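Residue numbers (the working numbering): 92 to 262.
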């Protein structure tokens with residue numbers, strides 16, 4: 092089995108074309124990167140979040156997660172969910188249910204409050220699971236990261252393969 096060493100792309104990495112990024116070029120530990128593209132998150136046509144001031148978190152083998160400033164999120168649609176999780180890099184995550192009309196989408200989003208110093212740029216920002224809500228980057232519909240656990244956003248600029256699917260547990 093191939094083991095990532097951080098020194099080069101694995102032999103199974105997909106080729107990168109102009110305008111694309113390989114998830115195998117992202118660092119470990121992950122980093123934040125400001126992003127000024129238009130980010131849109133919707134449920135049933137209703138806008139949950141809209142921003143041109145997002146921050147991406149880039150981590151080896153994962154598509155980016157986009158974090159949206161709290162002022163760009165309709166927080167009236169969010170209710171704190173039960174439970175939490177812990178990221179070795181960022182700290183404790185808070186989960187959020189989305190309430191739209193008579194529908195509740197459980198744990199559709201998450202945020203970090205008082206994350207580690209390295210991730211201060213996303214303190215209080217919200218991210219959403221594209222498998223549960225409709226997410227867009229500059230008008231392009233986002234494809235969810237496989238597996239259901241991770242919240243990465245796959246667009247045409249992202250080249251993998253990405254972790255999350257069967258056989259990727261060692262990545």
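Beta carbons are placed, not taken as given, at the ideal position from N, Cα and C, and that holds for glycine. Computed from a prediction, not measured in an experiment: that's the story for all the values here.
Check: Can you tell me where the beta strand (DSSP E) with residue 99 in it begins and where it stops?; Outcome: Careful: residue 99 lies outside any beta strand (DSSP E) and carries neither H nor E.
Check: Grab me the residues of residue 212's own chain with a C-beta within less than 6 Å of its C-beta, minus the 5 sequence neighbours each way, in chain order.; Outcome: 123, 146
Check: In chain order, what residues of the same chain have a beta carbon less than 8 Å from the beta carbon of residue 104, not counting five sequence neighbours either side?; Outcome: 113, 115, 250, 251, 252
Check: Tell me the DSSP secondary structure of residue 165 in three-state form.; Outcome: coil
Check: At the level of alpha carbons, what is the spacing between residue 255 and residue 244?; Outcome: 12 Å
Check: Alpha carbon to alpha carbon, what distance is there between residue 162 and residue 221?; Outcome: 20 Å
Check: Using a Cβ-Cβ distance under 8 Å, would residue 156 count as near chain D?; Outcome: Considering every chain present, this structure includes no chain D. It has just one protein chain.
Check: In terms of residue numbering, what span does the beta strand (DSSP E) encompassing residue 89 cover?; Outcome: Any question about residue 89 goes unanswered here, given that the chain covers just 92 to 262.
Check: To the nearest angstrom, report how far apart residue 259 and residue 172 are at their CA atoms.; Outcome: 28 Å
Check: Which residues in the same chain have their Cβ closer than 6 Å to the Cβ of residue 165, if we skip the five residues on either side of it in sequence?; Outcome: 139
Check: Would DSSP call residue 188 helix, strand or coil?; Outcome: strand
Check: Can the beta-carbon of residue 191 be found closer than 8 Å to that of residue 137?; Outcome: yes
Check: Considering only the beta carbon of each residue, do residue 233 and residue 240 sit closer than 8 Å?; Outcome: no
Check: By the DSSP assignment, the beta strand (DSSP E) with residue 254 in it spans what residues?; Outcome: Counting along the chain, residue 254 falls outside any beta strand (DSSP E), and DSSP gives it neither H nor E.
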